[in-house]
Ligand SMILES: [Zn+2]
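Numbering (this note's numbering), first residue to last: 4 to 452.
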């Protein structure tokens with residue numbers, strides 16, 4: 004079905020860099036792609052869907068573990084470390100089955116839609132039953148996530164994750180038995196059972212150099228390469244991982260991944276917090292994308308990763324909400340610049356345009372959706388519309404829409420969301436999941452009962 008949208012303002016590509024245009028007509032065609040973009044078209048014509056506010060490309064959440072949403076609040080009691088946080092996370096992981104994960108992930112992805120996210124990269128390692136038993140469908144948990152995205156009206160790249168060991172040369176612990184396929188060949192056989200759909204694509208992930216023995220990294224890289232699929236990996240989030248890798252292999256995690264063919268233009272390294280100069284060169288020379296998750300990295304006291312240096316060296320940058328301590332793509336974007344300001348005590352490391360691009364075009368490319376994340380003819384008709392008349396966004400002139408979106412707006416300012424030409428959020432209300440807070444409350448409460 005073709006639909007025409009009229010946006011009061013839209014952030015559009017331009018030869019000299021993106022600009023905010025007004026009265027923008029965007030017509031879409033069957034298949035949910037953009038057929039025509041006309042700025043300065045005058046008042047909203049009858050028959051067009053009126054979108055008041057600033058239209059930007061739908062945001063890509065390039066790194067998610069949906070079930071971590073159940074930890075919100077719980078892990079803020081007392082202190083602890085990344086590793087004690089992980090113990091709490093495992094308790095929730097043990098409580099999930101395909102039905103309860105479908106309910107939880109539907110609610111989480113609906114929260115994402117309300118925040119302006121139109122595509123999620125789900126870094127999925129919760130494959131098997133508690134204790135490691137196989138479900139009748141060995142991909143029952145992954146299928147639940149694909150179905151959850153459909154119910155919430157967003158796109159998903161299921162990054163099926165290989166997770167085999169608890170550390171270098173150590174067997175999985177009891178909670179980790181759910182994650183393990185035994186070896187990378189068995190992981191590949193199971194992952195082959197996952198098929199793409201209109202709203203879903205399949206990628207691969209190496210959980211980390213801790214969780215996949217070095218001699219099996221190549222199997223996963225080869226699987227992704229044969230399918231030209233995205234390949235993601237957690238990298239150097241904690242110095243303890245670097246220390247253990249140096250002890251086991253005498254090289255940094257980045258060097259280990261490079262030596263086993265894991266880095267490359269379809270690869271995303273998630274976090275990349277603690278890197279050497281050589282690591283930065285290896286990542287840039289291989290055109291590896293860096294996925295920064297600033298709200299999680301600050302929540303877990305990881306440190307501030309060298310995003311600016313990596314980007315200057317040539318790495319594309321994407322953004323993810325990871326543990327979902329908050330789900331707000333605009334908060335992730337501004338944190339990249341604001342973290343750098345605190346570290347350097349200087350301003351102006353990232354422009355608002357560059358940060359919006361990280362959340363849209365580069366994020367989608369990292370998830371294997373290169374035809375999304377831009378408002379142009381032929382691209383997927385995925386938009387997010389921010390209110391410019393809220394208490395947070397009223398005041399700045401519309402030509403500063405990108406600056407307002409990145410440095411002042413929040414998820415609460417998302418008014419409309421369109422995915423593939425279909426309106427998923429209208430006037431701040433999800434059109435497919437009627438009561439998202441109740442869906443979150445009930446699906447999380449079910450895990451504790
Ligand atoms: Zn993660």
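Glycine is no exception: its CB is placed at the ideal position from the N, C-alpha and C atoms.
- Exclusion of the five residues before and after residue 331 leaves 118, 413, 414 as the residues of its chain whose Cβ lies within less than 7 angstroms of its Cβ.
- Here residue 330 carries a coil assignment [DSSP, helix/strand/coil].
- With respect to residue 114, residue 161 sits apart: the two C-beta atoms are not nearer than 7 angstroms.
- Within the segment 6–56, the beta strand (DSSP E) runs of at least 3 residues that lie entirely inside it are, in chain order, 7–15, 22–32, 36–41.
- Residue pairing by DSSP puts residue 234 in a beta bridge opposite 207, 270.
- Nearest to residue 365 by C-alpha distance, out of 62, 11, 308, 177, is 62.
- The straight-line gap separating the alpha-carbon atoms of residue 199 and residue 205 is approximately 6 angstroms.
- A contact between stretches requires three or more CB pairs, one per stretch, nearer than 8 angstroms, and the segment 161–171 fails this requirement with the segment 85–93.
- DSSP, reduced to helix, strand and coil, places residue 60 within a strand of the structure shown.
- The three-state reading of DSSP puts residue 248 in helix, counting H, G and I together.
- Each of 391, 397, 377, 452 was checked against the Cα of residue 17, and the nearest Cα belongs to 377.
- For residue 310, the three-state secondary structure derived from DSSP is helix.
- Taking 6 angstroms as the cut-off, the C-beta of residue 325 counts as close to a heavy atom of ligand 1.
- Its chain contains no residue whose beta carbon lies nearer than 6 angstroms to that of residue 94 once the 5 sequence neighbours on both sides are disregarded.
- The continuous stretches of alpha helix (DSSP H) do not include residue 4, and DSSP gives it neither H nor E.
- The segment 366–376 and the segment 71–79 do not touch, with fewer than 3 CB-CB distances between them shorter than 8 angstroms.
- For residue 127, the three-state secondary structure derived from DSSP is strand.
- By alpha-carbon distance to residue 10, the top candidate from 101, 246, 421, 310 is 421.
- Distance from the CA of residue 69 to the CA of residue 164, rounded to the nearest whole angstrom, comes to 14 angstroms.
- Taking C-beta atoms as the reference points, residue 308 and residue 275 count as a pair closer than 7 angstroms.
- About 7 angstroms separates the Cβ atoms of residue 152 and residue 123, confirming a contact at the 8 angstroms cut-off.
- Contact between residue 208 and residue 254 is absent: CB atoms are separated by about 21 angstroms, not below the 8 angstroms threshold.
- Here the segment 341–348 makes no contact with the segment 30–38; the two share fewer than three CB pairs at distances below 8 angstroms.
- Contact between residue 159 and residue 203 holds: their C-beta atoms lie close to 5 angstroms from each other, under 8 angstroms.
- For the pair residue 14 and residue 6, the CB atoms are not nearer than the 7 angstroms cut-off.
- Cβ atoms of residue 211 and residue 244 come within 8 angstroms of each other, at about 7 angstroms.
- Unbroken alpha helix (DSSP H) runs of no fewer than 4 residues, entirely contained in the segment 128–174, are found at 143–155, following chain order.
- Take residue 140, set aside five residues on each side of it, and the residues of its chain with a beta-carbon closer than 7 angstroms to its own are 146, in chain order.
- Boundaries of the beta strand (DSSP E) around residue 387: 386–389.
- Beyond the five residues adjoining it in sequence on each side, residue 424 comes within less than 6 angstroms, by CB distance, of 6, 31, 35, 384 in the same chain, given in chain order.
- Bounds of the beta strand (DSSP E) holding residue 322 are 320–322.
- The DSSP-derived three-state label of residue 426 is strand.
- Approximately 6 angstroms separates the beta-carbon atoms of residue 51 and residue 8; this is inside 8 angstroms, confirming the contact.
- Rounded to the nearest whole angstrom, the CA to CA distance from residue 320 to residue 295 is 7 angstroms.
- Following the DSSP letters along the chain, one finds residue 97 inside the alpha helix (DSSP H) bounded by residues 85–98.
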